[in-house]
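> Quick one: the structure is below, questions incoming.
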Amino acid sequence: MTASSSPSRAPLAGDLPRARPWPRVAVAWAVALSASLAACSLLVTRGATQCTTDADCAGFGGGARCTAEKVCRVADASLADQASVDAPPACTTNRQCIDASGGEPAICRKDTRVCVKLVSPDCPRVVAVAASGDVVTDRRAVEDDATIVLGSLTSLRGPNQLKGEARVNAIELALQEFSTRGGVPVGDKTRPVAFVSCNDIDLVQPDGGEDPAAVRAARHLVSTVGVPAILGGGNSGTTTAALKETTLKGTLLIAPSATTPALTNNPDKAGLFFRTAPSDALQAIPLVQLVSEIEAGTTTPADLRLSLFSKGDSYGQGLRDQIVDNLTFNGKKLSDPGNADFYRGLEYKTDAGFDFAPFVTATLAYRPHIIVIAGTNETVDGLIKPIEAGWGAAPLPIYVLTDGLKADKLIAAIKDDLAAEPSKGLRARVRGTAPGRRNGVNDKFILRYNARFPGEASAATTFGTAGAYDAAYLLLYGLGYTTGGSPTGASVAAGIRKATRVVPASVVEVGPAGIDVAGRFVRAGGEFDLNGASSPLEFDEAGESPADIEVWCVQKGTGSPTFFSTDKYYNAATKMVVGSFVCP
Numbered sequence: 053m054t055a056s057s058s059p060s061r062a063p064l065a066g067d068l069p070r071a072r073p074w075p076r077v078a079v080a081w082a083v084a085l086s087a088s089l090a091a092c093s094l095l096v097t098r099g100a101t102q103c104t105t106d107a108d109c110a111g112f113g114g115g116a117r118c119t120a121e122k123v124c125r126v127a128d129a130s131l132a133d134q135a136s137v138d139a140p141p142a143c144t145t146n147r148q149c150i151d152a153s154g155g156e157p158a159i160c161r162k163d164t165r166v167c168v169k170l171v172s173p174d175c176p177r178v179v180a181v182a183a184s185g186d187v188v189t190d191r192r193a194v195e196d197d198a199t200i201v202l203g204s205l206t207s208l209r210g211p212n213q214l215k216g217e218a219r220v221n222a223i224e225l226a227l228q229e230f231s232t233r234g235g236v237p238v239g240d241k242t243r244p245v246a247f248v249s250c251n252d253i254d255l256v257q258p259d260g261g262e263d264p265a266a267v268r269a270a271r272h273l274v275s276t277v278g279v280p281a282i283l284g285g286g287n288s289g290t291t292t293a294a295l296k297e298t299t300l301k302g303t304l305l306i307a308p309s310a311t312t313p314a315l316t317n318n319p320d321k322a323g324l325f326f327r328t329a330p331s332d333a334l335q336a337i338p339l340v341q342l343v344s345e346i347e348a349g350t351t352t353p354a355d356l357r358l359s360l361f362s363k364g365d366s367y368g369q370g371l372r373d374q375i376v377d378n379l380t381f382n383g384k385k386l387s388d389p390g391n392a393d394f395y396r397g398l399e400y401k402t403d404a405g406f407d408f409a410p411f412v413t414a415t416l417a418y419r420p421h422i423i424v425i426a427g428t429n430e431t432v433d434g435l436i437k438p439i440e441a442g443w444g445a446a447p448l449p450i451y452v453l454t455d456g457l458k459a460d461k462l463i464a465a466i467k468d469d470l471a472a473e474p475s476k477g478l479r480a481r482v483r484g485t486a487p488g489r490r491n492g493v494n495d496k497f498i499l500r501y502n503a504r505f506p507g508e509a510s511a512a513t514t515f516g517t518a519g520a521y522d523a524a525y526l527l528l529y530g531l532g533y534t535t536g537g538s539p540t541g542a543s544v545a546a547g548i549r550k551a552t553r554v555v556p557a558s559v560v561e562v563g564p565a566g567i568d569v570a571g572r573f574v575r576a577g578g579e580f581d582l583n584g585a586s587s588p589l590e591f592d593e594a595g596e597s598p599a600d601i602e603v604w605c606v607q608k609g610t611g612s613p614t615f616f617s618t619d620k621y622y623n624a625a626t627k628m629v630v631g632s633f634v635c636p
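At position 430 of the sequence shown the residue is numbered 482 (the working numbering), and the sequence of numbers has no breaks.
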């Protein structure tokens, strides 16, 4: 695929492959090869968590013991149980491992000198980009032993799948821009990079003590594959869940859309966590003002009614708390007993099968003037569409939405309403907030994204897409500062700090035009000031970067409805909400 063609898509839920066991021939080959690798121990990776005691490893043979990572390590590869068809072979090159795995993407881990498969049920795809600009997802992605493998965690299933795929696309775009320039500058060389793309969302919440997808995928990337850094997760909840499997084990985690305030002081970050999206403590500022302005502009003989729906995870709960703590409604605090009849707060579960019907029924009976949703895409089908369908006579509610709903599914619902006879005017009653704001760097990113992925115009402006692109650039530049040996989470973190120093004389924008300039700073071990498409990328000690918060609407324009960034926004520099809300 060329830079102007449409990329292959991430697999749908039904397409996620099951990991296949190592072929028997691979085991025989591994035992034969072990004679030349007597000094290497064999790390047997049958599953993400194999053991809790040494007794659990007895079936592996070779005096296998349970390591701190809860995997079985065979002290002498030549003594390994040759009947074990799952045991990975010892190795010296990636090609040996790829051949041993039947052609599936696999690598020879530099630290253990054993083969590990890159794909798993939760991690279905490997993404690399050749110098020609073609995306590569098969064995060619990692045949070069110089390839650095990273990971990504995002939603590849469920209602937020399109968001997740847009972020994988953003990573691919960043890889393409580096690959066409020879690769990532590391020392005096350039090296190829591949991402293992993983799903972090469960369609049904696991029971029986099984770990959620975010934890399983993170464990595969860290304990099995051994990646130094991961881009993800897909939201605040999955990011928080992944921390213990990443940062506490020395792997860097950089999140493109995790906004919960709870992450600011999370003790599990271990100095290895960054996020390109600002805390929702900032997003709540313009959102609260937006609600107040709607209230002031609404004429009614009685007090207004407001319904607030929040997702039952750290993202929805964090935003809800900020809104409740800071919103003055009907002349008093939202939580004031005087608002008891005028405020309804409801929390929905994160389970993809959650039944919204009782919430819809209650809302239609309550008839709020304003509906605030601190959630994600599932509420378009679960709440907005059925509320609109069941609502009778005017006045119709105004929706104030957070960044989680700024996505294709909302645009589709508005298109359906515009096509209806008669239309209820949903487009004009929808507005919201989202971290980031259109600027020159962001505009250029959108143009490049749309050129590589035509027909997906709204994906480029969906919250988290630009953040994923920036995060990919941060990781790729961070890798460049590695000196001697393989990159680690700590070395990448140190590199990111050097690439984001506020140095006015050395400002470099994300994008292809800045790669050669930034590469010279990286090779010299110097510092520069990377400016992102989502935010200025000026990280504090907590790994957070303040950013402007836009107030958006949906413009009708001359064609299909699209998201529009109004002149009203929260200015991170002045810490004030400025401008006016005008939606074309």
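Ideal Cβ positions, reconstructed from N, Cα and C, are used throughout, including at glycine.
Computed from a predicted structure; not experimentally measured.
1) Roughly how many whole angstroms lie between the Cα atoms of residue 206 and residue 372?
2) So if DSSP puts residue 341 in a beta bridge, which residue, or which two residues, is it bridged to?
3) What residues in its chain sit with their C-beta under 6 angstroms from that of residue 231, if we drop five residues either side in the sequence?
4) Looking only at C-alpha atoms, which of 422, 620 and 323 sits nearest to residue 352?
5) First and last residue of the beta strand (DSSP E) that includes residue 369?
6) For residue 281 versus residue 252, is the C-beta spacing smaller than 9 angstroms?
7) In angstroms with no decimal places, state the Cα-to-Cα distance between residue 89 and residue 141.
8) Could you check what DSSP says for residue 274 in three-state terms: helix, strand or coil?
9) In this structure, how does DSSP classify residue 142 when only helix, strand and coil are distinguished?
10) For residue 487, which three-state DSSP category applies?
11) By the 10 Å Cβ neighbour count, where 16 or more other Cβ atoms means buried, how is residue 313 classified, buried or exposed?
12) Which residue wins for smallest C-alpha separation from residue 338, given the options 492, 629 and 144?
13) Could you tell me which of 360, 386, 417 and 381 sits nearest to residue 400, measuring between CA atoms?
14) Could you tell me how far apart the beta carbons of residue 375 and residue 459 are, in whole angstroms, since I believe they sit closer than 8 angstroms?
15) Which partner residues does residue 561 have in the DSSP bridge list?
16) Using the Cβ count rule (16 or more neighbours within 10 Å means buried), how would you classify residue 34?
17) What residues are listed by DSSP as bridge partners for residue 250?
18) Can you find at least 3 beta carbon pairs, one from the segment 490–501 and one from the segment 344–351, that sit closer than 8 angstroms?
19) Between the segment 549–565 and the segment 314–325, are three or more C-beta pairs nearer than 8 angstroms?
20) If we require 3 or more residues per run, which beta strand (DSSP E) segments fall completely within the segment 277–349?
21) Quick one: what's got a C-beta closer than 8 angstroms to residue 579's C-beta in the same chain, skipping five residues either side?
22) Determine the closest residue to residue 225 out of 437, 518, 403 and 453, with distance taken between C-alpha atoms.
23) Using the rule of at least 16 other Cβ atoms within 10 Å of the residue's Cβ for burial, across every protein chain shown, is residue 257 buried or exposed?
24) Can you give me the Cβ contacts of residue 494 inside the same chain, cut-off strictly under 8 angstroms, excluding the 5 residues immediately before and after it?
25) Helix, strand or coil for residue 467, going by three-state DSSP, please let me know.
26) Ignore the nearest five residues each way along the sequence and tell me which others in residue 597's own chain have a CB closer than 7 angstroms to its CB.
27) If you measure between the beta carbons of residue 619 and residue 631, is that distance less than 9 angstroms?
28) Buried or exposed: where does residue 461 fall if 16 or more other Cβ atoms within 10 Å of its Cβ makes it buried?
29) Is residue 169 helix, strand or coil when you go by DSSP?
30) For residue 34, which residues from the same chain have a beta carbon less than 7 angstroms from its beta carbon, with the 5 sequence-adjacent residues on both sides left out?
31) Once you ignore the five residues that flank residue 467 on each side, which residues in its own chain have a CB closer than 8 angstroms to its CB?
32) Quick one: what does DSSP say residue 482 is sitting in, helix, strand or coil?
33) Using the Cα positions of residue 418 and residue 306, report the straight-line distance between them to the nearest angstrom.
34) Rounded to whole angstroms, what is the Cα-Cα separation between residue 300 and residue 273?
35) Suppose you measure from the CA of residue 118 to the CA of residue 239; what does that come to, to the nearest Å?
36) Within 10 angstroms of its Cβ, does residue 543 collect 16 or more other Cβ (buried), or is it exposed?
Taking the geometry as given:
1) Spanning the two alpha carbons is a distance of roughly 23 angstroms.
2) For residue 341, no pairing in a beta bridge is given by DSSP.
3) Around residue 231, the same chain offers 181 and 183 as residues with beta carbons nearer than 6 angstroms, after the five sequence neighbours per side are excluded.
4) Restricting attention to 422, 620 and 323, the CA atom closest to the CA of residue 352 is found in 422.
5) Looking at the DSSP string, residue 369 is not in any beta strand (DSSP E); the run it does join, the alpha helix (DSSP H), is 366–378.
6) No. Outside cutoff.
7) In this predicted model, residue 89 has a pLDDT of only 37, less than 50, meaning its place in the structure is not dependable enough to derive any value.
8) Assignment of residue 274 by DSSP, reduced to helix, strand and coil, places it in the helix class.
9) Residue 142: strand per DSSP, three-state reduction.
10) Reduced to three states, the DSSP call for residue 487 is strand.
11) With 16 or more other CB atoms across the displayed protein chains lying within 10 angstroms of its CB, residue 313 is buried.
12) Looking at the Cα atoms, 629 is the closest of the given residues.
13) Considering only alpha carbons, the answer is 360.
14) Not confirmed; about 20 angstroms, so no contact.
15) Paired residue(s): 583.
16) Lying outside 53 to 636, the shown extent of the chain, residue 34 is not represented and no answer is given.
17) Per DSSP, 205.
18) No: fewer than three Cβ pairs fall under 8 angstroms.
19) With the cut-off at 8 angstroms, the segment 549–565 and the segment 314–325 do not touch.
20) 281–283, 304–307 and 325–327, all fully within the segment 277–349.
21) Taken in chain order, the residues that qualify are 550, 551, 553, 555, 558 and 573.
22) Distance check between residue 225 and each of 437, 518, 403 and 453 places 518 closest, using alpha-carbon atoms only.
23) The residue is exposed, with fewer than 16 neighbouring Cβ atoms inside 10 Å.
24) Cβ within range, chain order: 488, 518, 585 and 586.
25) In the structure shown, residue 467 sits in a helix (DSSP, three-state: H, G or I).
26) Cβ within range, chain order: 328, 330, 587, 588, 589, 590 and 591.
27) Closer than 9 angstroms, so yes.
28) Under this definition residue 461 is a buried residue.
29) DSSP, read as helix, strand or coil, puts residue 169 in strand.
30) Limits of the chain in this structure are 53 at one end and 636 at the other, which puts residue 34 out of reach.
31) Cβ-Cβ distances below 8 angstroms link residue 467 to 612 and 613 in the same chain, with the five nearest sequence neighbours on each side left out; the list follows chain order.
32) Here DSSP, grouped into helix, strand and coil, assigns residue 482 to strand.
33) Residue 418 and residue 306: Cα-Cα distance of roughly 41 angstroms.
34) As the crow flies, the alpha-carbon of residue 300 is around 14 angstroms from that of residue 273.
35) Cα-Cα distance, rounded: 37 angstroms.
36) Under a 10 Å Cβ-count criterion, residue 543 is classified as buried, with 16 or more other Cβ atoms of the shown protein chains found around its own Cβ.
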